[in-house]
Each structure stands twice: as structure tokens, then as C-alpha cells.
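Each remark here refers to the structure printed beneath this line.
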Amino acid sequence: MSVKAGVEYRKFSFVETIIIRWKTRSLGADIDALILIVSVLVYMGRNALEQQLERAREIIQERVRLNAMAHIIFERAQVEIARYMADEELYIKARNKMFEEIIHNIQLYGIVLDMLPGEANASKLQIVRSVIQKAYDEEFMLNSEAKRLLEAQEKTNASLREADK
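Heads up: the sequence shown at position 54 corresponds to 1399 in my numbering, and the numbers run straight through without jumps.
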């Protein structure tokens, strides 16, 4: 029988924060995105902070192979969460950056799905989904001239395929 220890929110001292940030300074864009998304979503669900932290730790451990690195990355996420708790404006900037990261790399949306499972997180997931969907709709919307050109190209391609048969 295994006993699952809960994860508690931890505040770090100034020196600890500097050390954690230094250790995680150059882990790459993928890890930076993981830290950003996880910390923003934990803060978004701060009304159930311990459960969100536990889920964040699990996700980081799944995605980071080295256990020692996973621990440091989780600590960095906690440092970011503490910054958001101290300054709501930092959270808003980070949230907007998270949306941009996901829009540029839709595979990162998998982290969101993993972080926000179940009915309790449905509203948060819907918020993230709607923002990303709106951005995709705007980015891939064609004006009338582009639509006409695309339709003409599709007709040409269809007639070429018919001719090849």
C-alpha cells in the first residue's frame, strides 16, 4: 500500500529564489513553456491550490526524464506561482504569454488538458479553449479575395486530377 504525500505550497526565500532561477536559466524553450503553462494554470486554479500543485508535480515528472531536474523545475514553477500571488499583473502577462505559446505550438495544449481534467476544471478549460480557438480563427480567417483565389486553385487542381484519370 502506497501513501501519497500531498504537495503544499511553499514560499522560497530571496536567496533560494535566485538559486532556483539560476539553476533553471537555460533548460530550453520546451522546459520554459512547461514552467510557464503549469504555473499559470496552478495560479488559475488557486482555490484548490494543493490539488493543482500535486497535478503540476505529476505532469512535470511525466515530461521530464531526470528526477532531480523535475524537482528543480517544479520548484521553479512554485517560484513563479509565488510571484503571481504577490503581483496579479505578472500573472496576467504570463497568462497572455501562455496563450501565445500554445497558439504557436498547439502540442502544448496537451499540458492544459492534463492540468485541467474533470468537471471541477471545466470552466477553466473552456476559458483557455475559447481564447485559443478565437486566436486560431482570427489567424486562419481568409478575406474574400483570398477565398476566391483558393476556390479557383481548388477547381484547377480538381480538373487536373480529373484529367489524370
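We put the beta carbon where it would ideally sit given N, CA and C, even for glycine. Note that the coordinates shown come from a computational prediction; the quantities given were computed from them, not determined experimentally.
query: Where does Ser-1347 land, buried or exposed, given buried means 16+ other C-beta within 10 angstroms?; result: Model confidence at Ser-1347 stands at a pLDDT of 36, short of 50, so the residue's coordinates are unreliable and nothing is read from them.
query: Quick check on Phe-1359: buried or exposed, where buried means 16 or more other Cβ atoms within 10 Å of its Cβ?; result: exposed
query: Return the residue from the list Arg-1355, Asn-1392 and Glu-1446 that minimises the CA-CA distance to Ala-1374.; result: Glu-1446
query: Count the other CB atoms within 10 Å of the CB of Leu-1398; is the residue buried (16 or more) or exposed (fewer)?; result: buried
query: With a floor of 4 residues, list each alpha helix (DSSP H) that falls wholly inside the stretch 1388 to 1457, ordered by position along the chain.; result: 1394 to 1408, 1412 to 1431 and 1433 to 1449
query: I need the straight-line Cα distance from Arg-1468 to Glu-1507, nearest angstrom please.; result: Checking the sequence, you will find Ser at residue 1468 rather than Arg. Approximately 48 Å, taken between the alpha carbons.
query: Using a 10 Å radius around the Cβ and a threshold of 16 neighbouring Cβ atoms, would you call Ile-1472 buried or exposed?; result: exposed
query: Closest to Met-1460 by C-alpha separation, out of Ile-1363, Leu-1394 and Trp-1367, would be which residue?; result: Leu-1394
query: Can you tell me which of His-1449, Gln-1452, Arg-1400 and Ser-1371 puts its alpha carbon nearest to the alpha carbon of Met-1414?; result: Ser-1371
query: Taking C-alpha atoms, which residue in Leu-1379, Arg-1408, Gln-1452 and Tyr-1354 lies nearest to Ile-1426?; result: Tyr-1354
query: Compute the beta-carbon to beta-carbon distance between Val-1387 and Ala-1401, rounded to the nearest angstrom, for a pair I have assumed lies under 8 Å.; result: 5 Å
query: The alpha helix (DSSP H) with Thr-1362 in it runs from where to where?; result: 1359 to 1368
query: Can you tell me the Cα-Cα spacing of Lys-1492 and Asp-1482, whole angstroms?; result: 15 Å
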